[in-house]
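K.L.:
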Amino acid sequence: MRRYAKPIVVADDLALLHGATTGIVALPHHLDWSGSADYDLDSPGRIVDLYRTVLIEATKPADLHAFLDRATLTRLWPSLWLPPELRRAWETRFPELPQTGPRTAAA
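Everything in the sequence shown is counted per my numbering, starting at 140 for the first residue and increasing by one.
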């Protein structure tokens, strides 16, 4: 039996990531249908939630480009919980992201 697998979406280029870094960001319904799609980027916990949500739920590179910021992604990368296949795809495409070492291989 084959399980449903969500496609993995990776940014075209980290330089294209120009999302907000402060204030309140409301994600569109296709990225966050939880009912609490407003993220206060000045709150450390909520910015991590937004990045994890966008990385996992993106349906096209434009979603990533609109809501993620390169410097913030690089800073948060080691602490983001992500599905192993998604993390590997990003780290393979962008070796400049901080590698997560054994945690990635074991996940």
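By construction, the Cβ of each residue, glycine as well, lies at the ideal position given by its N, Cα and C atoms.
Can you tell me where the alpha helix (DSSP H) with residue 165 in it begins and where it stops?
P.N.:
What you label residue 165 is simply residue 26 of the sequence shown in a count that begins at 1. Counting along the chain, residue 165 sits inside no alpha helix (DSSP H); it lies in the beta strand (DSSP E) bounded by residues 163-165.
K.L.:
Three or more C-beta pairs closer than 8 Å, one from the region 149-159 and one from the region 199-214: is that the case here?
P.N.:
yes
K.L.:
Label residue 210 either buried or exposed according to how many other C-beta atoms from any shown protein chain fall within 10 Å of its C-beta, with 16 as the threshold for buried.
P.N.:
Position 71 of the sequence shown holds residue 210. Residue 210 comes out exposed.
K.L.:
Could you check the C-alpha separation between residue 164 and residue 183 for me, to the nearest Å?
P.N.:
As a first step, residue 164 must be located in the sequence shown, where it is residue number 25. As a first step, residue 183 must be located in the sequence shown, where it is residue number 44. Approximately 14 Å between the Cα atoms of the pair.
K.L.:
Three-state secondary structure (DSSP) at residue 202?
P.N.:
Along the sequence shown, read from residue 1 onward, the residue named residue 202 stands at position 63. Here residue 202 sits in helix by DSSP.
K.L.:
From the DSSP output, read off the bridge partner residues of residue 157.
P.N.:
Residue 157 sits at position 18 when you count from the first residue of the sequence shown. In the DSSP output, where bridge partners are listed per residue, residue 157 has 208.
K.L.:
For residue 150, name the three-state secondary structure that DSSP assigns.
P.N.:
Taking the first residue of the sequence shown as 1, we reach residue 150 at position 11. Coil.
K.L.:
Along the chain, where does the alpha helix (DSSP H) containing residue 179 start, and where does it finish?
P.N.:
For the purposes of this step, residue 179 is taken as residue 40 along the sequence shown, with counting starting at 1. Counting along the chain, residue 179 falls outside any alpha helix (DSSP H), though it belongs to the beta strand (DSSP E) covering 177-179.
K.L.:
Does DSSP put residue 215 in a helix, a strand or coil?
P.N.:
Counted from its first residue, the sequence shown places residue 215 at position 76. Three-state result, residue 215: helix.
K.L.:
Around the Cβ of residue 216, are there at least 16 other Cβ atoms within 10 angstroms (buried) or fewer (exposed)?
P.N.:
Translated into the one-based positions of the sequence shown, residue 216 becomes position 77. The residue in question, residue 216, is buried, as its Cβ has 16 or more Cβ neighbours within 10 Å.
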